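Residue numbers (UniProt numbering), protein chains in the order written: chain A, 1 to 134; chain B, 1 to 355. In this text, a Cβ means the ideal position worked out from N, Cα and C, and glycines have one as well. Predicted model only: the values in this text are computed from it and were never measured.
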Amino acid sequence: MNHGQQSGEAKHEDDAALTEFLASLMDYTPTIPDDLVEHYLAKSGFQCPDVRLIRLVAVATQKFVADVASDALQHCKARPAPVVKDKKQHKDKRLILTMEDLSKALREYGVNVKHPEYFADSPSTGMDPATRDE
Amino acid sequence: MSTERAQDGDRNEAASSSGCSESYEFSHAAAKAAVAQVCESVGYEHFKDPALESLAGFALQYILQLGKTATSFANLTGRSQCNVFDIILALDDLTDNGDEGISSESCSLGRSVKLREIIDYVNSSEEIPFSQPLPRFPVAISDRSRNLIPSFVEIGETPPGKHIPLWLPAFPDPHTYKETPMWIERVSDPRGDKIEQARQRRKAERALLSLQRKLVCKLSSRNPVWGDMDGVKEEMREDESEMRSVSPSISEEKVESLNRDGLSVIEAFAPAMEAARDGFSSEAHTEWKKKKPVALSKLRTEKKFLGQPLDLSLQMKGEDRPLSFVREEDRDDKRRRAEFILRQCMENPVDLNQL
């Protein structure tokens with residue numbers, strides 16, 4: 001009984017926290033606009049008049065994209081810097097979102113995105129791109 | 001910022017190409033812009049287009065998958081509309097929780113790892129609203145098209161056919177697909193036109209006839225008064241104007257009729273002339289002589305009148321006339337003329353029909 005009461009209380013707290021969170025969502029404007037999210041949710045059959053839920057989905061998507069992008073950024077930064085030819089010691093690497101970084105990042109999410117090579121002129125074509133030069 | 005320029009370029013390209021039907025292109029372009037903004041907040045400065053496009057596609061697939069899973073969870077419990085727990089369950093379903101799995105208590109905040117992560121993310125990250133104002137793109141066009149074409153009920157028409165309900169948009173007006181005449185077509189009546197023409201011809205000839213009769217009448221009835229010529233001149237001018245009002249195509253026939261009647265006029269003039277000469281023999285010769293050339297010239301002008309009816313007024317104007325006579329004679333002349341015409345119409349119906 002105690003356990004049940006405790007879980008009941010926890011549930012109440014959880015519910016309170018949930019409602020609080022949903023209320024706070026109204027202040028936070030997600031980067032992905034509501035109309036766009038609503039359009040795609042309607043495409044998949046999701047029907048809900050509540051704006052908070054749409055914002056929840058938008059925020060979830062935004063978080064997903066941010067996670068993937070940050071992982072790709074890690075891969076980009078982890079790559080060895082190009083050879084500095086002039087006298088500058090430290091050169092800021094240009095942070096460009098490329099397909100390679102993206103495919104590496106998405107692999108952890110279970111998505112297989114492999115960009116095929118233009119030319120297959122050497123035996124190492126199609127192998128792990130980390131071993132090859134850019 | 002080069003990312004923004006790249007974004008704008010992509011957006012402009014997509015927007016211009018989405019000017020035609022596909023709403024997919026427009027939404028895809030908007031999603032690309034949003035995703036680029038998110039990446040920018042993460043730390044990226046530049047994007048490669050294929051990478052950005054594929055990432056935007058993934059984000060859209062994520063939304064679609066979330067929606068599909070949440071809907072299926074709602075349908076599982078017999079609801080058609082989703083609630084927050086459906087979304088939480090769907091979120092957990094999408095994430096790869098290999099060791100945990102979905103438990104019955106994962107709906108709550110405490111258990112759902114994903115939700116906690118999201119809450120943390122909301123609290124920690126700064127707010128980046130979407131940069132461009134986005135219109136309600138899928139709905140607006142259909143609203144406009146619906147408003148442009150009113151329904152049968154709104155117009156107040158009954159649809160042509162019982163199978164068409166009233167709330168459907170009305171059919172277009174017949175002038176949009178049929179060739180309807182732009183002007184009121186007048187029915188051409190050739191027979192009626194000919195009758196009208198003949199009637200006008202007869203009217204003109206009647207006027208001429210009356211003119212000649214007047215001349216005859218004047219000369220025969222009022223022999224001593226040669227000054228009457230002014231009144232006759234006036235009458236002739238009026239008759240001419242009458243003649244001119246009739247169409248010129250029948251002038252030939254006029255001339256013919258004149259020829260026919262002109263002979264009778266000259267014949268009528270001859271005894272009148274003799275009577276005049278006899279009557280005036282007692283009076284001043286000079287006066288008569290003065291008037292005589294006038295009469296002769298009148299005859300001459302009469303002859304000319306046969307050939308060229310329109311030159312008459314000019315010739316008559318050239319002669320001297322006592323002006324005082326004109327006005328007094330006008331009124332009497334008009335009265336007498338009306339009487340004369342009436343008499344002639346009564347007495348000689350045959351002559352009129354001849355014309």
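Segment contact flag, the region 107-127 of chain A with the region 62-71 of chain B, C-beta cutoff 8 Å, min 3 pairs:
no
Residues sharing a beta bridge with Ile96(A), DSSP:
His46(B)
In whole angstroms, give me the CA-to-CA distance for Thr158(B) and Trp183(B).
28 Å
Classify Phe58(B) as buried or exposed, calling it buried when 16 or more other Cβ atoms lie within 10 Å of its own Cβ.
buried
Considering only the beta carbon of each residue, do Ala58(A) and Ile32(A) sit closer than 7 Å?
yes
Please identify the residue among His12(A), Thr61(A), Pro80(A), Met99(A) whose C-alpha is closest to the C-alpha of Leu94(B).
Thr61(A)
Could you please give the first and the last residue of the uninterrupted alpha helix (DSSP H) stretch that includes Tyr118(A)?
No alpha helix (DSSP H) contains Tyr118(A), which DSSP labels as neither H nor E.
I'd like the list of long-range same chain contacts for Ser112(B), defined as Cβ closer than 8 Å, with 5 residues on each side in sequence excluded.
Ile88, Leu91, Asp92, Ser106
Do we get a CB-CB distance below 7 Å when we pair Ser27(B) with the residues of chain A?
yes
Which of the three DSSP states, helix, strand or coil, is assigned to Ser125(B)?
coil
Count the other C-beta atoms from every protein chain shown that fall within 10 angstroms of the C-beta of Cys345(B), then say buried if there are 16 or more, exposed otherwise.
exposed
When burial is assigned at 16 or more other CB atoms within 10 Å of the CB, is Val35(B) buried or exposed?
buried
Are the C-beta of Ser170(B) and some C-beta of chain A separated by less than 7 Å?
Checking the displayed sequence, the identity of residue 170(B) turns out to be Ala instead of Ser. By this cut-off, Ala170(B) is not an interface position.
If you follow the alpha helix (DSSP H) that His75(A) is in, where does it begin and where does it stop?
51-78
Beta-carbon proximity check, Ala74(B) vs Ala56(B), cutoff 7 Å
no
Cβ neighbour criterion (16 or more within 10 Å) applied to Val42(B)
buried
Can you have a look at Tyr62(B) and say buried or exposed, based on whether 16 or more other CB atoms are within 10 angstroms of its CB?
buried
Cβ separation of Ser27(B) and Leu36(A), assumed to be a contact under 8 Å, to the nearest whole Å:
6 Å
Going by DSSP, what residues sit across from Pro169(B) in a beta bridge?
Ser151(B)
Let me confirm a value: Val84(B) is counted as buried when at least 16 other C-beta atoms fall within 10 Å, else exposed. Which label applies?
buried
Here's the rule I'm using: 16 or more other beta-carbon atoms within 10 Å means buried, otherwise exposed. How should Arg118(B) be labelled?
Position check: residue 118(B) holds Ile in this sequence, whereas Arg was assumed. With 16 or more Cβ atoms within 10 Å of its Cβ, Ile118(B) is classed as buried.
Within-7 Å CB hit, Tyr118(A) to chain B:
no
Under 8 Å between beta-carbons, which chain B residues line up against Lys63(A)? List them in chain order, please.
Glu117, Ile118, Tyr121
Give the straight-line distance between the Cα atoms of Tyr121(B) and His46(B), rounded to the nearest whole angstrom.
24 Å
Mind checking Gln74(A): buried by the 16 CB within 10 Å criterion, or exposed?
exposed
I believe Ala69(A) touches Tyr44(B) by the beta-carbon criterion, under 8 Å. Please report the beta-carbon distance rounded to the nearest angstrom.
6 Å
Excluding the 5 residues preceding and the 5 following Glu38(A) in the sequence, name in chain order all residues of the same chain whose CB lies nearer than 8 Å to its CB.
Ile54
For a contact defined as C-beta to C-beta under 7 Å, what are the partners of Gly43(B) on chain A?
Leu73, Leu95
Tyr28(A) in three-state terms, based on DSSP:
coil
Sub-7 Å separation of Ser44(A) and Leu76(B) beta-carbons
no
Phe46(A) - DSSP class collapsed to helix/strand/coil
coil
Taking a cut of 8 Å between CB atoms, which residues from the region 56-76 of chain B lie near chain A?
Phe58, Ala59, Leu60, Tyr62, Ile63, Leu64, Gln65, Leu66, Gly67, Lys68, Ala70, Thr71
Output needed for Gln81(B): all residues of its chain with C-beta closer than 7 Å, excluding positions within five of it in sequence on either side, in chain order.
Ala74
Mark Lys63(A) as exposed unless 16 or more other C-beta atoms lie within 10 angstroms of its C-beta, in which case mark it buried.
buried
List the endpoints of the continuous alpha helix (DSSP H) containing Arg191(B).
190-221
Mapping DSSP to helix, strand and coil, what is Thr77(B)?
coil
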